[in-house]
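Numbering (our numbering), first residue to last: 5 to 388. Presented below is the structure to which this report refers.
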Amino acid sequence: MSVPFRLESRLPRVGTTIFTVMSKLATDLGAINLSQGFPDFDCDPALVDAVSRHMREGRNQYAPMQGVPALRQAIAGKYAAFHGHRYDPDSEVTVTSGGTEAIFDAVAAVAGTGDEVIVLEPCYDSYVPGIELSGATPVIVSLELPDYAVNWDALRAAVTPRTRVIIINTPHNPTGAILAAHDIEQLKALVRGTDILIVSDEVYEHIIFDGAQHESMARHAELAERSFIIGSFGKTFHITGWKVGYAVAPAALSAELRKVHQFVTFSTNTPVQHALAEMMANPDGLRRLGPFYEAKRDLFLGLMDGSRFRPLPCRGSYFQLMDYSGITNEADGEFAVRLTREHGVASIPTSPFLYRSSAPKVLRFCFAKKDETLERAAERLVRV
Ligand code: GLN
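Structure follows, in structure tokens:
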């Protein structure tokens, strides 16, 4: 479209996100939507009741910029209980309007022109645009198939005197891979004695399987001291549409993050924060989330047994990658569209998360769905 003024896109390579594209296609075609990551079941009704109660009681004006104190205390309490790390709720915990906002805030707060930010591809699609808008340069390192392991030699080789941030994501979207104890040792050795900061996207922190330990940066003092850790209530309480997340980081880093947060959204919606603080009082729900989704993963895998899709290892998150090379040679984006049109199941290709490597023949399926949704979808997929 031509306009009578100079207009240069700040993000010339960016279109509409694949999540929006595939969810719309699913809706338009009436397909089963295993694409965008969100549950098709409802949250705990007690949470909805609590939000309404706080609304009725008049908690409807701006929350404090850094978040409601009760929720910040609850977040700090969770890190102490789960990872043995004490964050000061006043100066080290910030509530944001979703994990995506927190990631953007963290990167924009510390990286700018002349800085390099390392990301591991495939990576969540908001990282690179956030880096570019901040004026920094994304440096892409590829995870290694088949299990999307970090190639530590490649990561070390990508570090330069200009490296400002490394973005980590565990459990990993879109692959379901997790960092293990040996990865943490490598990461410690990599950043020791440098000025490199870590932005650790841990939004799937409680969705981890097969008895594995979530290796939060908060478990390792040496990493916590230079990390922004990002969390998401959407993933944890089945409320992705409420868009509430948080960042925890040492006070000096949190202070910088808050300078950005206060001018991006100022503060996050008030009644929801009060309700979440109440829900966080009982951590049992958080501990049940892993087994809950592990059962869904196993159900989906069992139902797909005998199909021509081949599952890749999934150790956390609510995404299952499926290799479709036994079915077709089509590129992943093309096949995802055809699968939606002809077989009525929407998925997510990994190509939008890749910058350097060509996309393998895999699609991402979200299993955060009712059992009957997974059954109906698998019935269609096994016929492909
Ligand atoms: N995080 C979700 C996913 O990976 C989608 C979020 C979004 O649509 N922006 O599917």
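Here a beta-carbon is modelled for each residue, glycine too, at the ideal position from N, C-alpha and C.
Please report the distance separating the alpha-carbon of residue i from that of residue j.
| i | j | result |
| --- | --- | --- |
| R301 | A340 | 20 Å |
| E346 | R76 | 47 Å |
| M284 | I243 | 14 Å |
| S258 | R312 | 48 Å |
| A78 | E334 | 48 Å |
| E226 | A84 | 16 Å |
| E61 | H278 | 11 Å |
| T167 | Q324 | 32 Å |
| E286 | C47 | With the sequence shown as reference, residue 286 is identified as Asn, and Glu is not the correct amino acid for it. Near 16 Å, if we compare the C-alpha coordinates of C47 and N286. |
| T344 | A30 | 7 Å |
| L316 | K374 | 22 Å |
| Y359 | V366 | 16 Å |
| F296 | G310 | 24 Å |
| A216 | F241 | 21 Å |
| R314 | K28 | 26 Å |
| L33 | M26 | 10 Å |
| P275 | A228 | 30 Å |
| A162 | S361 | 16 Å |
| A299 | S6 | 52 Å |
Helix, strand or coil: which one does DSSP assign to residue i?
| i | result |
| --- | --- |
| L303 | helix |
| S95 | coil |
| T377 | helix |
| P142 | strand |
| F42 | coil |
| R168 | strand |
| G102 | coil |
| G289 | helix |
| F296 | helix |
| F86 | helix |
| Y250 | strand |
| S204 | strand |
| F108 | helix |
| G235 | strand |
| I211 | coil |
| I243 | coil |
| L51 | helix |
Less than 9 Å separating the beta-carbons of residue i and residue j?
| i | j | result |
| --- | --- | --- |
| Y152 | G320 | no |
| G41 | A372 | yes |
| E206 | G235 | yes |
| R368 | T174 | no |
| V388 | I36 | no |
| F9 | A222 | no |
| A80 | G116 | no |
| F108 | L149 | no |
| V252 | E105 | no |
| G294 | I211 | yes |
| V99 | Q70 | yes |
| I200 | D129 | no |
| G134 | V97 | no |
| T354 | A67 | no |
| R160 | I202 | no |
| F304 | L378 | yes |
| V145 | E125 | yes |
| E219 | A181 | no |
| A363 | K263 | no |
Kindly examine ligand 2 and report whether one of its heavy atoms sits closer than 8 Å to the Cβ of residue i.
| i | result |
| --- | --- |
| V248 | Although ligand 2 was asked about, the structure shown includes only ligand 1 as ligands. |
Is residue i close to chain C? Criterion is C-beta to C-beta, closer than 9 Å.
| i | result |
| --- | --- |
| D214 | Protein chain content of the structure displayed is limited to a single chain, and chain C is not contained in it. |
Taking the runs of the beta strand (DSSP E) that are 3 residues or longer, which of them lie wholly in the segment 310 to 387? Complete beta strand (DSSP E) runs here, min 3: 323 to 327, 366 to 370.
Considering only heavy atoms of ligand 1 and the C-beta of each residue, which residues fall inside 6 Å, strictly closer? The set, ordered by position in the chain, is T21, F23, Q40, G41, N177.
Whole alpha helix (DSSP H) elements within the segment 175 to 200, 4-residue minimum: Considered as a whole, the segment 175 to 200 harbours 185 to 195 as its complete alpha helix (DSSP H) runs of no fewer than 4 residues, in chain order.
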